[in-house]
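Residue numbers (my numbering), protein chains in the order written: chain S, 1 to 487; chain C, 488 to 723. C-beta atoms are modelled at their ideal positions from N, C-alpha and C, and glycine is treated no differently. As the structure is a computational prediction, the values presented were derived from the model and not from experiment. What follows is one structure encoded as structure tokens, with my remarks underneath.
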Amino acid sequence: MRKSKQLDSLFNPKSLAMIGASTSTRKWGFLILLNILKAGYKGTVYPVNPKLDSILGFKCYPNVADIPDQVDLAVITIPAAMVSNVIDECGKKDIPNIVVITADFSETGLEGAKLEKEIADKARSYGINLTGPNTMGIFSAESNLHALMPMIMPLHGKVSMFSQSGNVGVQMLDYGLQENVGFEKFVSSGNQAVLSIEDYLTYFANDEQTDVILGYIEGLDKNSDFTSVAAEVTRKKPVLVMKGGRTNVGGSAASSHSGSMAGSTAIFRAVCKQTGIVEACNTQELIDCAKAFACYPLPKGNRVGIITRGGGWGVLAADACEENGLDVPELPRYLIREMDKLLPKYWNRKNPIDLVGTIAHDPLPQCLEMLAEWDGVDAVLALGAGFRAFSYQYSEEVKGPRELTDAMELLKEYLKERSRQPDEILVQVANMVSKTGKPVISVSIGSDYAHKKYSEQYGIVSYPTPERAVRVLRHMVEYSRYLKTSS
Amino acid sequence: MYYIHPKQKEYMDIIKQALAEGRNTLSEFDSKKVLQHYKIPVTQEKIVTNEAELESAAKELGFPLVLKGSSFEIAHKTEKGLIQIDIRTPEEAREAFRTIQSRMETDQKDVLVQEMVKGQRELVVGMTRDAQFGPCVMFGLGGIFTEILKDVAFRVAPLKQRDTFDLMEEIRGKKILDAVRGLEAVDREALADILQAVGQIGLDYDEIKEIDINPLKIKNGQPIAVDALVVLEDPA
């Protein structure tokens, strides 16, 4: 396997120099510094700018050579033409890590490419780990390091991400805020002059703080060892990847069927299947998967038990299971007999179990328990939990006859009272996950905010549609199967 | 399961000669020679240039037969009327031979005489060289359905046996491999060997850019390459 580079001090530096630190609110040298300070970086910050004495209350140094202490990381925002000299200065100061935010290198043409090669060669000769150039920066929860261009404070968690696009990566950090997916480390890999996604992937694999690895990939170098690296890493932890640039380029010049049907998408998909990578088809699926992989156990097989408050949702969920290679097994006799005691005579006695809507006594928690404990299923979908999401509809003022407004008041009181109690279905979902070791996924109506709340409050995974839940389950089943069958 | 045939040199020569002549494809006959060397079952066939050879080939192979115009220059044999199928008598064979030769616009008018494989199911197995990941194996529905349904899936070579079985599961029309409508289930192990072998050819020969085995017919549950095309590219 590829040798793991020592990137601990890149992500968790004890001290950092901000080269190009500025007081101008329209410069990255100001905004990134502000991000670092605002987030409460745990190390020492040394702004570097020969024209200033102090910045944001910090003493400013004319040159890294003037900094009295050891510096673990230099973040560079100065113009491209000046970067090369600064790499020398950093090298002489024994700074082991550099993040080059500055753009205008190989992405802009031959001139830039020449400059990029120069800084890469220099960095290598000093043994410097260089991220970028043309990167949006790095983030680490462990040391509260937010060396990022955008003002974003990601949730802290166990997911680490590398991204070949800064803005796609940052979008995922933001998406994580909405979906309660917390990040441990993030890197925008930029032009990958020295460090490449293969290095970050290897590092995250060995990083004890990271449980799940996310990646956004547009392309790989000609001699990339991505395939062998990925195959090793997926044995340790899940790697969830989204591929950009999915158009069928090379295909048009082919002279055979085999040639013309192979697009980069089809081949990349094959690579994912062969290396155990979970390939998400869009950003939503990527964050949905990140959420479940980060906090749920993997299913041991592909058999799904479905319990639903509404017939239609059960049908949709069962359809989605069938379409995604998941089994929805028939209920055993003993389970039907047990549920007969709880449910009205006319219940359907089938999987999906269609609970007939009752308000007074809710049979869902008990039925959910029986279903989750049945050894004939490896995962459970609980559809229709959290129906309080509708409650807000009743909070609005109603105009009309007295009887109507009185009734609304009574209902509001009732809902208010109920909202003080924890949602017993969601509590039961959480219980069942820990009791059975199976993923029990909640599907319910309600805004993104509601699902985020369920996740925060109950530690469960919840999605607004059965289709999204099933797609995630399919990925979990496939990864679980990969781990079992590959060696 | 891979092996280097003692006569491998001969097959390198087919490729080298083709490249030296500036050709970028092998004829069906030569393409199948390459496949055969990797133990891929192919149709029994002979190249004939005159009616005497035709007669002895027919005797050896037995009826029914298929006759095809054979040349590396000819693609789309069906559209050009260069394939005559279900030939059951020496008379029919002679007539087909003459028809094909009259339609061939090439200098050489070789005709391929081939056993007719009866099989209702047609699959495709192929190989293409990806700039990033190298030789990749394709599997899916064959015959006219390859283009129409595009029900194919890929794996990067070398393929583990698990990859081959995954490929068989991945296509939408996977049920074609089962015992359907009174047909025998396809021998998946045999199919797995073919998929692995095609990947191995790609790994062994940089000169081979693409391979199409289409159709790969299923006869009594056994896969057999009925038509094949090897596309070359001088790696230098």
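Chain-ordered neighbours of residue i on chain C, where CB pairs are closer than 9 Å
i        : result
S/Ser486 : Lys647, Arg649
S/Leu220 : Gln619, Phe620
S/Thr526 : This structure does not reach residue 526 of chain S, given that chain S is present from 1 up to 487, and the question cannot be answered.
Residue i: contacting residues in chain C (beta-carbon distance under 7 Å)
i        : result
S/Val271 : Phe620, Val643
S/Ala379 : Going along chain C, no residue has its Cβ under 7 Å from S/Ala379, so there is no contact; the nearest lies around 20 Å.
Continuous alpha helix (DSSP H) stretch holding residue i: start and end
i        : result
S/Gly169 : 166–179
S/Thr283 : 283–295
S/Ile87  : 80–92
S/Ser125 : 110–126
S/Gly29  : 28–38
C/Lys546 : 538–548
S/Arg269 : 264–275
C/Val521 : 515–523
C/Pro702 : Not the alpha helix (DSSP H): C/Pro702 falls in the beta strand (DSSP E), residues 695–706.
S/Met370 : 364–373
C/Leu654 : 648–657
Endpoints, the beta strand (DSSP E) within which residue i is located
i        : result
S/Val398 : Element bounds for S/Val398: n/a, residue is neither H nor E.
S/Pro47  : 44–48
S/Glu338 : Not the beta strand (DSSP E): S/Glu338 falls in the alpha helix (DSSP H), residues 333–340.
S/Gly312 : Here S/Gly312 belongs to no beta strand (DSSP E); instead the alpha helix (DSSP H) covers 311–323.
C/Glu676 : That residue, C/Glu676, is in no beta strand (DSSP E); its alpha helix (DSSP H) goes 675–691.
C/Val718 : 715–719
C/Gln709 : 709–712
S/Phe139 : 137–140
S/Phe11  : Taken as a continuous stretch (DSSP letters only), S/Phe11 belongs to no beta strand (DSSP E), being part of the alpha helix (DSSP H) at 8–11.
C/Glu532 : 532–535
C/Glu671 : Per DSSP, C/Glu671 belongs to no beta strand (DSSP E) and is neither H nor E.
S/Val377 : First-last for S/Val377: undefined, no H or E at that position.
Interface residues of chain S facing residue i [CB-CB closer than 8 Å]
i        : result
C/Asp638 : What C/Asp638 touches in chain S: nothing, since even the nearest Cβ is about 10 Å away.
C/Asp653 : Lys273
Beta-carbon proximity list for residue i, same chain, < 7 Å, skipping 5 on both sides
i        : result
C/Met488 : Because the pLDDT of C/Met488 is 35, which lies under 50, any placement of that residue in the model is unreliable, and the question is left without a value.
S/Asn191 : Phe105, Ser106, Glu107, Glu116, Gly132, Pro133, Asn134
S/Val249 : Below a pLDDT of 50, predicted positions are generally treated as unreliable, and S/Val249, at 48, falls in that range; no measurement from the model is reported.
S/Ser165 : Tyr216, Glu218, Gly244
C/Pro551 : Asp573, Ile574, Arg575, Met603
S/Gly459 : Cys295, Ala430
S/Thr275 : Thr227, Ala230, Ala231, Thr234
Per-residue contacts from residue i into chain S (C-beta, under 9 Å)
i        : result
C/Asp665 : Per Cβ cutoff of 9 Å: no residues; C/Asp665 is ~16 Å from chain S at best.
Nonlocal neighbours in the same chain, by C-beta distance under 6 Å from residue i, ignoring five residues either side
i        : result
S/Tyr41  : Asn144, Leu145
S/Val472 : Asp288, Cys289, Ala292
C/Val713 : Thr530, Val604, Pro702, Lys704
S/Met476 : Leu298, Pro299
C/Gln571 : Leu554, Ala583
C/Met591 : Gly556
C/Thr512 : Phe559, Val718
S/Ala253 : The predicted model places S/Ala253 with a pLDDT of 48, which falls under 50 and marks its position as unreliable; any figure quoted below should be read in that light. Counting only Cβ-Cβ distances below 6 Å, and skipping sequence neighbours, we find nothing.
S/Ile441 : Leu381, Val461, Ala469
C/Arg510 : Phe559
C/Pro528 : Ile711
8 Å Cβ cut-off: residues of chain C touching residue i
i        : result
S/Thr227 : Phe620, Val643
Residues near residue i by beta carbon distance below 8 Å, same chain, minus five either side
i        : result
C/Leu690 : Gly621, Pro622, Ala644, Pro645
S/Ser9   : Asp72, Leu73, Pro96, Asn97
S/Ser439 : According to the sequence displayed, residue 439 of chain S carries Pro and not Ser. Closer than 8 Å at Cβ, skipping near neighbours: Ala292, Tyr296, Pro297, Leu298, Pro299, Ala379, Val380, Val433, Val461, Leu473, Met476.
C/Met625 : Val611, Val612, Gly613, Met614, Thr615, Val639, Ala640, Phe641
S/Leu343 : Leu355, Val356, Pro363, Cys367
beta-carbon residue i near the ligand PLP non-hydrogen atom, thresh 7 Å
i        : result
S/Gly459 : This structure simply doesn't include the ligand PLP, nor any ligand for that matter.
Taking one C-beta from the region 41–52 of chain S and one from the region 12–21 of chain S each time, how about it: are there three or more such pairs within less than 8 Å? yes
Any alpha helix (DSSP H) of 4 or more consecutive residues that is wholly inside the region 414–472 of chain S: 424–436, 448–458
Would you list, in sequence order, the uninterrupted beta strand (DSSP E) runs of no fewer than 3 residues that lie entirely inside the region 562–637 of chain C? 570–574, 597–602, 608–617, 621–628
Does the pairing of the region 500–508 of chain C with the region 348–355 of chain S give three or more beta-carbon distances under 8 Å? no
Do the region 371–385 of chain S and the region 301–313 of chain S meet, that is, are 3 or more Cβ pairs less than 8 Å apart? yes
Can at least three beta-carbon pairs, one atom from the region 60–70 of chain S and one from the region 172–190 of chain S, be found at a separation below 8 Å? no
For the region 309–318 of chain S against the region 459–470 of chain S, are there 3 or more C-beta pairs whose distance is under 8 Å? yes
Stretch-stretch touch, CB-based, cutoff 8 Å, three pairs: the region 564–580 of chain C with the region 664–673 of chain C: no
Any alpha helix (DSSP H) of 4 or more consecutive residues that is wholly inside the region 194–243 of chain S: 197–206, 226–233
Is it a yes or a no for the region 441–450 of chain S touching the region 193–203 of chain S, going by three-plus beta-carbon pairs under 8 Å? no
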